[in-house]
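Trainee: For the sequence shown, the residue numbers in our numbering are -13 to 745.
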Amino acid sequence: MLYAKVLVDIANTNVDKLFTYCFDNEELSVLRGQRVLVPFGAGNKKIEGYVLEITDECEVSNVQIKRIIKTLEPYAVLKNDQIELAYWMKERYKCLLSMALRVMIPAQLRGGRIKEKTEALVMLKEGITVDDVKASLMSKNGAVKSPKQLEIIELLAQVNSKMSVKDICAFIPNASAAVNALLKKGILVKSDHVLFRDPYADINIISTKPLMLLEEQQSAFDAICDGLDKKSGVFLLHGVTGSGKTEVYMQAIAKVIGEGGQAILLVPEISLTPQTVERIKGRFGERVAVLHSRLSHGERYDEWRRILLDKADVVVGARSAVFAPLQRLRLIVIDEEHESSYSSEHSPRYSANEIAIRRAKLTGSVVVLGSATPKIESYMKAKMGKYTLLTLKNRANAHKMPNVEIVDMREEFQNGNNSIFSTKLVNSLTDCFNKGEQAILFINRRGYSTFVSCRSCGYVFKCPNCDVSLVYHKYSNRLKCHYCGHSEPLPKKCPECSSPYIKSFGVGTQQVEEQVKLLFPEIKTLRMDMDTTRTKNAHYEILNKFYNGEAQVLIGTQMVAKGLDIKNVTLVGVIAADASLFHSDYRSAERTFQLLTQVAGRAGRDSEKSGGEVVIQTYCPDHSAIISASNHDYEGFYAKETAIRRSSMFPPYSLFLRLLFVGENEEELSAKSEKYLVALEKVIKNVLASQEANEAELMLMYSAPAPIKKREGLYRYVIMIKLARTKNTAQVLNAVYEYLEEHPCELLLSSEINPNDMI
Ligand code: ADP
Ligand code: ZN
Ligand code: ZN
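1. According to the neighbour-count rule (16 or more other Cβ atoms, all chains shown, within 10 Å of its Cβ), is H332 buried or exposed?
2. Report the rounded CA-to-CA distance for A346 versus I173, giving the unit in angstroms.
3. Under a three-way DSSP split, which group does E474 fall into?
4. Anyone know if the C-beta pair for S414 and L557 falls short of 8 Å?
5. By the 10 Å Cβ neighbour count, where 16 or more other Cβ atoms means buried, how is E681 classified, buried or exposed?
6. Exposed or buried, which one is T41 when buried takes at least 16 other CB atoms within 10 Å?
7. Since I believe V302 is in contact with V263 (beta carbons under 8 Å), could you give me their beta-carbon distance rounded to a whole number of angstroms?
8. Under a three-way DSSP split, which group does K708 fall into?
9. Let me know the secondary structure DSSP gives A(-10) once reduced to three states.
10. Sorry if obvious, but does the Cβ on M198 come closer than 7 Å to a heavy atom of ligand 1?
11. Tell me A690's beta-bridge partners as DSSP assigns them.
12. Terminal residues of the continuous alpha helix (DSSP H) containing C606?
13. Between the segment 100 to 112 and the segment 15 to 24, can you find at least three pairs of beta-carbon atoms closer than 8 Å?
14. Residues in the same chain with beta-carbon distance under 6 Å from Q584, minus the five sequence neighbours each way, listed in chain order, please.
15. Would you report the Cα separation of P693 and Q261, rounded to the nearest angstrom?
16. Using only the alpha-carbon positions, how far apart do G128 and S177 sit?
17. Measuring only from the beta carbon, is N383 closer than 7 Å to any heavy atom that is part of ligand 1?
18. In or out: F157 buried (at least 16 other Cβ within 10 Å) or exposed?
19. Starting from M370, trace the beta strand (DSSP E) both ways and give me its first and last residue.
20. Give a yes or no on whether the C-beta atoms belonging to F399 and V560 are separated by under 8 Å.
21. Could you please give the first and the last residue of the uninterrupted beta strand (DSSP E) stretch that includes A249?
22. Rounded to a whole number of angstroms, what is the C-alpha to C-alpha distance between I54 and S357?
23. Tell me whether the beta-carbon of E233 lies closer than 8 Å to the beta-carbon of L258.
24. Near R292, which residues of its chain fall below 7 Å by C-beta distance, leaving aside the five closest residues on each side in sequence?
25. How is G433 classed by DSSP in three states: helix, strand or coil?
26. Report the start-end ranges of each beta strand (DSSP E) in the segment 22 to 61 that is 3 residues or longer and not cut off at the edges.
27. Is the closest heavy atom of ligand 2 to the C-beta of Y605 under 7 Å?
28. Pairing CB atoms from the segment 106 to 126 with CB atoms from the segment 303 to 319, are three or more of them under 8 Å?
29. Given this structure, state the Cα-to-Cα distance separating Q248 from K152, to the nearest angstrom.
30. Cα-Cα, which of S659, V718, E391, D212 is closest to E678?
31. With distances taken from CA atoms, which of Q204, D321, V180 is nearest F252?
32. Looking only at its chain, what residues have a beta carbon closer than 7 Å to the beta carbon of V46, apart from the 5 residues adjacent to it on each side?
33. How many whole angstroms separate the CB atoms of V601 and I541, which I take to be in contact at a CB cut-off of 8 Å?
34. At which residues does the beta strand (DSSP E) containing R644 begin and terminate?
35. Tell me whether T(-1) is buried or exposed, calling it buried when 16 or more other Cβ atoms sit within 10 Å of its Cβ.
36. Under 5 Å, CB to any heavy atom of ligand 2. Which residues pass, going along the chain?
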């Protein structure tokens, strides 16, 4: 008898621990990481669970050990390193172990909601020859009755392998009845064949060879190879748009595969277009698996199984592909490492970057974080030597960086131009269309309509305590700060210039499209936004049309900013560069810089043409994010931004912890969060006192309604805690979590550090 420690798949704190079951290993083989069905609780309800340990000694006594009922798959669904990783996630993200394990397997696997797809194949029964069959057809009592049956047998004899009925019908129309008759007589035999649904069966793959690396690429590649040989290292590959980062990734992946290893390449969900997949499959062929959320459940399950059953060496995917169950993982690449989509918004609220680094440690792999605009935190880590910095300063192909012009929209307004296009942009569009080239118009909708500014002078309402803009709350007609809770009524006039034109600024893609059509009636447009990309392939179809030149201008939101590589695009217009600047988030300057750099990188990708042009329209032409982006100056932006973060004590110099309480009863909610606020303040102050630390390390602490106070019928309250980053931070956090664990509250929905989303 052997014993298995099983975690039952129930998301509940009380059962988030291992229960011991037994199994007779002569009858049932059970592996670590396998899913099993076990009787659970007093009623012995059948529950699915994960086997996390196997022992030959039973460590529990005085209770009757129950037996495992059966295994759910014939293989382990979790690798050893994934189990270790799950334990780490439980600690790090304060989530249940069962929740950590759930993100590692396809959701539909649980509860047996998905099955393998099989296809019946038929073949001639061994020993039967075409001559036998012919003889049978001649004789009166023979088994074979019709010429069609004979045809089928001749076909199978000819191809000399198994065939599906569908394939047979392609040669011999309407053959299925005859096949069935032959099966009945035992002349043909049937077997089931497992099919892997291929989401990219229809795309046309052109195979590519590695390019000769340029000098900068070569040194980056060499450094990564060094890491691979040493089985450790985190590299930050900072390369301008079009510098050939992808080529470096691909050659590093090729090295890994050549040495018998496997690799994961993460790309933002939005850039997981067939073009990206084509590029990777073109280099690595069949043994590429793809994982992202737009696949059907069946496709995703099949791709995951292909990985698990060692039919793939490269996994390309979005965030959760970082958990791909590869056995010989050696390399994890995260492209566009600054993308916020690498952080999960659901429990467990993990960051793919952190997971990659942790998983690499567990498996002896190397991590490559790539970006033209790394996160401030990442770049700081590289500067401090925690990551190895690799730099690509020049575009591959000797393309010039595009020329960027900033247009001050306040001046346009004062000169009587009320339109959403500046004179400059209209002229550039005219030129571009006349030359038969293409343009992209980018509308920055992040933070759309949440900040309030003056159209006449550009004044933006800011918090007097924090260096972030205030958010307009419609229901109370007030402006509020999400970091310190400051609030004030919306004034009728601009405090700077007394203009009454104060409004939340924002234009939509539709509005821009209408304006383009008015100005250029003969020009064909394409629009890419939430509305036009609802269906599964819409995103791809729009891009394809644009690639094929079916329209001269592509109008879109964030979606058009990523990864497009279209040679004929020579002009990029940014309609409202500011919208993301005044999002009420301390990262808004960083995000604006990243976005502008990304969109600007779409222009001038053809060496034949003269570098391309970018027009940035803005109400704050002096902002460092806009100036630095226009000069392609990451270092400059980094220096300014870190100085601001330091002086206003924003992360990474401090840390925000946000607890979200959700419930039906507002009074109860408010009282509860108030109670926890008082208790936690005591907890924190005690820790600080015990460390003889300065009390001011607790910089701020308040409880208040969330910016969106009510959502889906439930009220939402938050506790915000701001801590200076010191040697005591970890201990303070642990004390807070410990308190929350000892005093659980069913209204506490989540706790998050430096949340991406403050609403
Ligand atoms: P990034 O990922 O840094 O934005 P890409 O990898 O997309 O850049 O490369 C931009 C362009 O440069 C692509 O068309 C690519 O084929 C080309 N390229 C990359 N490396 C080389 C090289 N070593 N020699 C020639 N062309 C290259
Ligand atoms: Zn004003
Ligand atoms: Zn504030």
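Ideal placement from N, C-alpha and C gives every residue a C-beta, glycine not left out.
Mentor: Short version:
1. exposed
2. 54 Å
3. strand
4. yes
5. exposed
6. exposed
7. 6 Å
8. strand
9. strand
10. yes
11. V704
12. First-last for C606: undefined, no H or E at that position.
13. no
14. A547
15. 39 Å
16. 25 Å
17. yes
18. exposed
19. Counting along the chain, M370 falls outside any beta strand (DSSP E), and DSSP gives it neither H nor E.
20. no
21. 248 to 252
22. 48 Å
23. no
24. F182, A275, A298
25. In this prediction, G433 scores a pLDDT of 42, lower than 50, which makes its location untrustworthy; the coordinate-derived value is nonetheless stated afterwards. Reduced to three states, the DSSP call for G433 is coil.
26. 31 to 41
27. no
28. no
29. 35 Å
30. V718
31. In the sequence as presented, Phe is not what sits at residue 252; that position holds Leu. Comparing Cα positions, the closest option is D321.
32. T6
33. Contact doesn't hold; Cβ gap of about 14 Å is too wide.
34. 640 to 649
35. exposed
36. C440, S442, C443, Y445, C480, E482, C483, S485
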